[in-house]
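Take 42 as the starting number for the sequence shown in the numbering used here and just add one per residue.
Heads up, the thing below is written out as structure tokens.
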Amino acid sequence: MKESLYSLLELQEIDKEIDALERSKEEFPAEIGRLEGELDEARGKIDATEKNMGELESSRRLMEGELDAINADLKKHQDRLYEVKSNREYDALQAEIEALGSKKEEHETGILQSIEDHEDLTTKLTEDKDVFSDREKEIKGRIKELKSRLDSVEGDVSKWQRKRKRLEAKVEKPALSAYNRIRRMVKGGIAVVEIKKGSCGGCFRKLSPQLLVEARRINRVMRCENCGRLTVWKEELPV
Ligand SMILES: [Zn+2]
């Protein structure tokens, strides 16, 4: 029974490896998806800034065209000032010139603002692109690593399963079936634990003196009275 129980401890280590590999089949693709989503989002922000800059530029060009027209119009009006015959005509022309003047000012302010906004966005874009390219490198590396680990998962699982088969042969049937049964029921799949300082290594509850005496003899499968896990006495082993 002693060898059975010790082999069960080893077998459980293998089961932990297999469980981790099985989990990675779901966790790795999920992580890859998350990382790709993060990259898409960051790329989307950069695209949006670039689009915004393009719009600023075309609206500025439009304002510049309008400003040229306003300036030409203004010049025409100013030239006419020398040709007017009456005060009324003069006043009307002056009023139009004034209106054109404020329109000109509005456009000039708008153009300046647009240039400033464009410069701010250029700075922001450069920073965002730097951050993005660092993160992109990091993420692509991680994705590559996850994919290559995923590629080898199946092979690794069968390697561990072959090992498990060999070990199973060393475990007596009742101990093995108890282990398999308990493993399905307990949290974290830990079904067999070492006794540490008189306590169960699974739930850490003190074990009864009778159980400890029997466990020490290791002539049958002992289960923790509290959590039901298989307990193995391994302390004070002869070196
Ligand atoms: Zn316990």
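C-beta atoms are modelled at their ideal positions from N, C-alpha and C, and glycine is treated no differently.
All values reported here derive from a predicted model rather than from experimental measurement.
Note to self: Tell me which residue opens and which closes the alpha helix (DSSP H) that E147 is part of.
What the structure shows: N128 to E209
Check: Span of the alpha helix (DSSP H) holding L49?
Finding: K43 to R121
Notebook entry, point to check: Within 10 angstroms of its Cβ, does V280 collect 16 or more other Cβ (buried), or is it exposed?
Noted result: Unreliable positioning characterises V280 in this predicted model, as indicated by a pLDDT of 41, which lies under 50. The coordinate reading is nonetheless provided below. It is exposed - the Cβ of V280 has fewer than 16 other Cβ atoms within 10 Å.
Note to self: With H, G and I counted as helix, E and B as strand and the rest as coil, what does DSSP make of E266?
What the structure shows: coil
Notebook entry, point to check: Are any of the Cβ atoms in chain C nearer than 8 Å to that of L108?
Noted result: Given the protein chain composition of this structure (a single chain), no chain C is represented.
Check: Would you call V273 buried or exposed, if buried means 16 or more other Cβ atoms sit within 10 Å of its Cβ?
Finding: buried
Check: Could you check where the alpha helix (DSSP H) with T271 kicks off and where it finishes?
Finding: The sequence given here has Leu at residue 271, not Thr. Segment L271 to V273 is the beta strand (DSSP E) holding L271; no alpha helix (DSSP H) there.
Margin query: Would you say the beta carbon of G243 is closer than 7 Å to some non-hydrogen atom of ligand 1?
Written below: yes
Checklist line | Span separating the alpha-carbon of E149 from that of S99 | finding: 15 Å
Note to self: If you follow the beta strand (DSSP E) that E259 is in, where does it begin and where does it stop?
What the structure shows: Residue 259 is actually Ile in this sequence, not Glu. No beta strand (DSSP E) holds I259; DSSP gives it neither H nor E.
Check: Looking at the structure shown, is S249 part of a helix, part of a strand, or coil, going by DSSP?
Finding: coil
Item checked: N267: CB within 7 Å of a non-hydrogen atom of ligand 1 -> yes
Check: Three or more C-beta pairs closer than 8 Å, one from the region 157-172 and one from the region 128-144: is that the case here?
Finding: no
Check: Between the region 109-123 and the region 74-86, are three or more C-beta pairs nearer than 8 Å?
Finding: no
Checklist line | R246 beta carbon near ligand 1 (any heavy atom closer than 7 Å) | finding: yes
Check: Apart from the five residues just before and just after I236, which ones in its own chain have a Cβ nearer than 8 Å to its Cβ?
Finding: G242, L248, L253, A256, T272, V273, W274, K275 and E276
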